[in-house]
Amino acid sequence: MTRADPNQVTPSILYLDGIEVSFDGYRALRGLSLTLDKGELRAIIGPNGAGKTTMMDIVTGKTRPDRGTALFAGSVDLTKLDESEIAELGIGRKFQKPTVFESQSVADNVLLALSGPRGPWSALFGLRSRVDVDRIDAVLAKVRLLEMRDSLAGALSHGQKQWLEIAMLLAQNPKLLLVDEPVAGMTDAETETTAALLREINAEHTIVVVEHDMDFVRMLGCRVTCLHEGAVLAEGALDAVSADPRVIEVYLGR
Amino acid sequence: MINADAHAILDRRSKLFLIILAVITAWVVFANAVIPESSQFHVSNGSVVLYGKYLTYALLALSIDLIWGYCGILSLGHGAFFALGGYAMGMYLMRQIGTRGVYGHPVLPDFMVFLNWRELPWAWVGFDWFIYAAIMVFLVPGLLAFVFGWFAFRSRVTGVYLSIITQAMTYALLLAFFRNDMGFGGNNGLTDFKDILGFSVQASGTRLTLFTLSALALAACFVLCRIMVASTYGKILVAIRDAESRTRFLGYRVEHHKLLVFTVSAMMAGLAGALYVPQVGIINPSEFSPANSIEAVIWVAVGGRGTLIGAVVGALSVNAMKTAFTTGVLAPYWLFVLGAIFILVTLALPKGIMGLVDRLMAAWKARTRPVAPPQPETGA
Ligand SMILES: Nc1ncnc2c1ncn2[C@@H]1O[C@H](COP(=O)(O)OP(=O)(O)OP(=O)(O)O)[C@@H](O)[C@H]1O
Ligand SMILES: [Mg+2]
């Protein structure tokens, strides 16, 4: 059991310690502690209801913890900020259930995510540049959605919506990416592409990926954390974690 | 520099709308001023006033569609901003009466003399200047919307809860303006206007000018709305409408964006009210009645939410129907008719009249192009 050492606070981009959350008396997170180094790629596994999504809710300001510490970049207290402030700090998120702006075009979805000023005045009067169009197209090319740039996002397949969300994350260019179940509903080939894409993005960004698909997690080739009942059950290389008898009992062995 | 292409702001449909508006306006002016009264094509002074009133309703509907259709803010209290703009104009018109009131008091309007008041209340100071009143037409509704929106949007009041508190807002103002000691004429409101900028409000030239100004205001506000919705700002508004919390996770301060559009919309409603009052010749607290605001929302729903043009079409067609009904034997049943229209539209035409236009145009296009070259077959 790795309990985060306060001395390691400085180098870590994300530091969670003793996070507790209850929903109507149900304790979803029970003293969750997790540290993430800058530039790391981390996979989070664990059974349904383990608290993986709730952990992301804490980090992005959607849910406030009852107790515990959540620090970004070694010093910023995430529990004091709201969603848009946290997004502005440089934390981006892909949701478990893909949520794109269905009534707008694929390109406009990326445009909305594009890093830059977020106020109403600049959205009204700022110059729209050629560079933005190029950035949008570059991002869409990366996730193979360039041909779809003018179709409505609502018309995309489930897998394409997942990729559009990843494209929006790329456009946002955050320091830390939280990616919740990116390959749900994807074919094997698409899954492989997504793994390659995330590894590529990892060259410049710190990423946390939640996924049930163990083949996909293997493709990521990174450190793995297994959550169970709102706390860390095991952490380490995939082989070590998947050989852990407790992990096999609660998760893999079913 | 505006963050949208000129041809995105004025797309084909918008241009067509502006042209039709211009043609109708020019026709009414011509038919009233040039065509002799004996001709069946003559438009009477009474009709000019009626059409001018419709145009101010259309502007109110436009302001509602901007926030409801594009940002999902369903205000059921927009009549309050309309009425405040109307009162600001009404106060100017009252001051213009001068010594011509029934009591002939050198400073005070009749109702204040009647109440035995000695001096002009502070709220009235400045309203003898048109410029001051014109600023207040925008400032008062804008400020109320800003303060109201600041608290509501920051506390993340949305959906039906927001609609309910907007109703409460207009109802509270209704009660306040009914009180004589508020100093706005109590339940009689402000009326018996004499002239505006030196021109008699009864003169046919003044009426025609006010009608034309209403059309110009509608056109200008339409273009302003188009600029807002066609820019990146409009995309953010639609994003908020469709997935508010997702927009927050992208780093947008949703409350700031809502506050801007809500305030601009309230100012447009205020302008509509200010153009309404000199044409109908009276403003009283019943303009704050919650039912008025709901009726205006129905115009938008009937015309087609989120299209801007639909708001105008809805306001004009429902009000034309209202006039037809309330001047006939069916007058007592108008509210039932309005309710029936609303239910019919929501069930049969969820996208309103504009949605029907879209459907008909698609069907017409499909019919006129049946011999288009067949899609190239792929594969064997
Ligand atoms: N907003 C909420 N209100 C009430 N209960 C919640 C809420 N969010 C999460 N929970 C509960 O907290 C527990 C943890 O949920 P969470 O979504 O974090 O699990 P997960 O690990 O992401 O599971 P899955 O693999 O199914 O996505 C579940 O029992 C869930 O029902
Ligand atoms: Mg989950």
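Those sequence lines, one after another, are chains A and B.
Our numbering numbers the first residue of the first sequence as 5 and each following residue consecutively.
Our numbering numbers the first residue of the second sequence as 230 and each following residue consecutively.
Glycine residues also receive a C-beta, built at the ideal position from the N, C-alpha and C atoms.
Gly584 (chain B) to Ala405 (chain B) span [Cα, whole Å]: In the second sequence, counting from the first residue as 1, residue 584 (chain B) sits at position 355. In the second sequence, counting from the first residue as 1, residue 405 (chain B) sits at position 176. Cα to Cα, Gly584 (chain B) sits roughly 40 Å from Ala405 (chain B).
For Val80 (chain A), which three-state DSSP category applies? Within the first sequence, numbered from 1, the residue matching residue 80 (chain A) stands at position 76. It is a strand residue.
By the criterion of Cβ-Cβ separation under 7 Å, what are the contact partners of Pro259 (chain A) in chain B? In the structure as shown, chain A begins at 5 and stops at 258. Residue 259 (chain A) is therefore absent and cannot be evaluated.
According to DSSP, is Ile62 (chain A) helix, strand or coil? On the first sequence, position 58 is the one that residue 62 (chain A) refers to. Note: Ile62 (chain A) maps to helix in three-state DSSP.
Express the C-alpha separation of Arg250 (chain A) and Ile23 (chain A) in angstroms, rounding to a whole number. Locating residue 23 (chain A) in the first sequence gives position 19, where the first residue counts as 1. Locating residue 250 (chain A) in the first sequence gives position 246, where the first residue counts as 1. Taking the straight line from one Cα to the other gives about 22 Å.
Residues in the same chain with beta-carbon distance under 7 Å from Phe359 (chain B), minus the five sequence neighbours each way, listed in chain order, please. Locating residue 359 (chain B) in the second sequence gives position 130, where the first residue counts as 1. Answer for Phe359 (chain B): Tyr321, Leu426, listed in chain order.
Cα-Cα, which of A:Ala244, A:Ala175, A:Glu233, A:Gly257 is closest to Tyr30 (chain A)? Looking up residue 30 (chain A) in the first sequence gives position 26. Among A:Ala244, A:Ala175, A:Glu233, A:Gly257, the Cα nearest to that of Tyr30 (chain A) belongs to A:Glu233.
Is it right to say Asp154 (chain A) is buried, meaning 16 or more other beta carbons lie within 10 angstroms of its own, or is it exposed? Along the first sequence, one-based indexing puts residue 154 (chain A) at 150. Asp154 (chain A) comes out exposed.
Restricting to runs no shorter than 3 residues, where is the beta strand (DSSP E) found entirely within the segment 503-559 of chain B? none
Three or more C-beta pairs below 8 Å linking the segment 415-430 of chain B and the segment 235-247 of chain A: no
Taking 6 Å as the cut-off, is the C-beta of Phe220 (chain A) nearer than that to any heavy atom in ligand 1? To locate residue 220 (chain A), count along the first sequence from 1; it is residue 216. False, no ligand heavy atom lies under 6 Å from that Cβ.
So which residues of chain B does Glu92 (chain A) contact, with C-beta pairs closer than 7 Å? Here the question's residue 92 (chain A) lines up with position 88 in the first sequence. Neighbours of Glu92 (chain A) on chain B, chain order: Gly480.
Which one or two residues does DSSP pair with Ile393 (chain B) in a beta bridge? Position 164 of the second sequence, counting from 1, holds the residue named residue 393 (chain B). Note: Ile393 (chain B) sits in no beta bridge, so no partner.
Residue closest to Ile140 (chain A), alpha-carbon to alpha-carbon, out of A:Pro124, A:Ala171, A:Phe27: Start at 1 with the first residue of the first sequence, and residue 140 (chain A) comes out as number 136. Closest option to Ile140 (chain A), Cα to Cα, is A:Ala171.
Compute the minimum distance between the beta carbon of Leu103 (chain A) and the heavy atoms of ligand 2, and state whether it is under 6 Å. Looking up residue 103 (chain A) in the first sequence gives position 99. Here residue 103 (chain A) is Thr; the residue named in the question, Leu, does not match the sequence. No, the beta carbon of Thr103 (chain A) sits no closer than 6 Å to any heavy atom of ligand 2.
Tell me whether Gln166 (chain A), by its Cβ, gets closer than 6 Å to a heavy atom of ligand 2. Here the question's residue 166 (chain A) lines up with position 162 in the first sequence. No, the Cβ of Gln166 (chain A) stays beyond 6 Å of every heavy atom of ligand 2.
Buried or exposed (CB count within 10 angstroms, at least 16 for buried), Ile252 (chain A): Your numbering for residue 252 (chain A) matches position 248 in the first sequence. Ile252 (chain A) should be labelled exposed.
Looking only at its chain, what residues have a beta carbon closer than 6 Å to the beta carbon of Met5 (chain A), apart from the 5 residues adjacent to it on each side? Here the question's residue 5 (chain A) lines up with position 1 in the first sequence. Note on Met5 (chain A): pLDDT 41, under 50, position unreliable in the model; the coordinate value appears next. There are no such residues.
Proximity to His485 (chain B) [Cα-Cα], best of B:Cys300, B:Leu344, B:Ala549: The residue you call residue 485 (chain B) lines up with position 256 of the second sequence. When only C-alpha atoms are compared, the closest one is B:Cys300.
Buried or exposed for Leu559 (chain B), going by 16 or more other Cβ atoms inside 10 Å? Here residue 559 (chain B) refers to the residue found at position 330 when the second sequence is read from its first residue. Exposed, because fewer than 16 other Cβ atoms sit within 10 Å of the Cβ of Leu559 (chain B).
Examine ligand 1 and report whether any of its heavy atoms sits within less than 6 Å of the Cβ of Ala32 (chain A). As a first step, residue 32 (chain A) must be located in the first sequence, where it is residue number 28. Yes.
Enumerate in chain order the residues of its own chain whose CB-to-CB distance from Ala233 (chain B) is below 6 Å, with the five nearest sequence positions on each side excluded. As a first step, residue 233 (chain B) is located in the second sequence; it is residue number 4 there, counting from the start. Ala459, Ser460, listed in sequence order.
Please confirm whether any heavy atom of ligand 1 lies closer than 6 Å to the CB of Ala54 (chain A). The sequence position of residue 54 (chain A) within the first sequence is 50, counting from 1. The answer is yes for Ala54 (chain A).
List, in order along the chain, the chain A residues whose C-beta lies closer than 8 Å to that of Val467 (chain B)? Residue numbering aside, residue 467 (chain B) sits at position 238 when the second sequence is read from its first letter. Those within 8 Å of Val467 (chain B) in chain A are Phe105, Ser107, Gln108.
Considering only heavy atoms of ligand 1, does any lie closer than 6 Å to the CB of Phe99 (chain A)? Locating residue 99 (chain A) in the first sequence gives position 95, counting from the first residue. Checking the Cβ of Phe99 (chain A) against ligand 1 gives no.
Counting along the chain, where does the alpha helix (DSSP H) carrying Tyr361 (chain B) start and finish? Counting from one through the second sequence, the residue named residue 361 (chain B) turns up at place 132. It spans 359-383 - the alpha helix (DSSP H) in which Tyr361 (chain B) sits, taken as one unbroken run.
Alpha carbon to alpha carbon, what distance is there between Ala569 (chain B) and Val542 (chain B)? Translated into the one-based positions of the second sequence, residue 542 (chain B) becomes position 313. Translated into the one-based positions of the second sequence, residue 569 (chain B) becomes position 340. Cα to Cα, Val542 (chain B) sits roughly 18 Å from Ala569 (chain B).
At 4 residues or longer, what runs of the alpha helix (DSSP H) sit wholly inside the segment 145-197 of chain A? 162-176
Going straight from the alpha carbon of Leu402 (chain B) to that of Thr83 (chain A), what length do you get? The sequence position of residue 402 (chain B) within the second sequence is 173, counting from 1. The sequence position of residue 83 (chain A) within the first sequence is 79, counting from 1. Their backbone Cα atoms lie some 40 Å apart in a straight line.
Where Gly72 (chain A) sits in the DSSP three-state scheme: For this step, residue 72 (chain A) is matched to residue 68 along the first sequence. Three-state result, Gly72 (chain A): strand.
At a threshold of 6 Å, does Thr58 (chain A) count as lining ligand 1 (C-beta to nearest heavy atom)? Position 54 of the first sequence holds residue 58 (chain A). Thr58 (chain A) Cβ: within cutoff of ligand 1.
Quick one: which chain B residues come within Cβ less than 8 Å of Leu85 (chain A)? Counting from one through the first sequence, the residue named residue 85 (chain A) turns up at place 81. Near Leu85 (chain A) there are no residues of chain B at all, since even the closest Cβ is about 11 Å away, more than 8 Å.
At a Cβ threshold of 7 Å, is Leu128 (chain A) touching chain B? On the first sequence, position 124 is the one that residue 128 (chain A) refers to. At least one chain B Cβ lies under 7 Å of Leu128 (chain A).
Coarse secondary structure for Phe422 (chain B), derived from DSSP in three states: Counted from its first residue, the second sequence places residue 422 (chain B) at position 193. Correct three-state label for Phe422 (chain B): coil.
In whole angstroms, give me the CA-to-CA distance for Val183 (chain A) and Phe99 (chain A). Translated into the one-based positions of the first sequence, residue 183 (chain A) becomes position 179. Translated into the one-based positions of the first sequence, residue 99 (chain A) becomes position 95. Going from the Cα of Val183 (chain A) to the Cα of Phe99 (chain A) covers about 7 Å.
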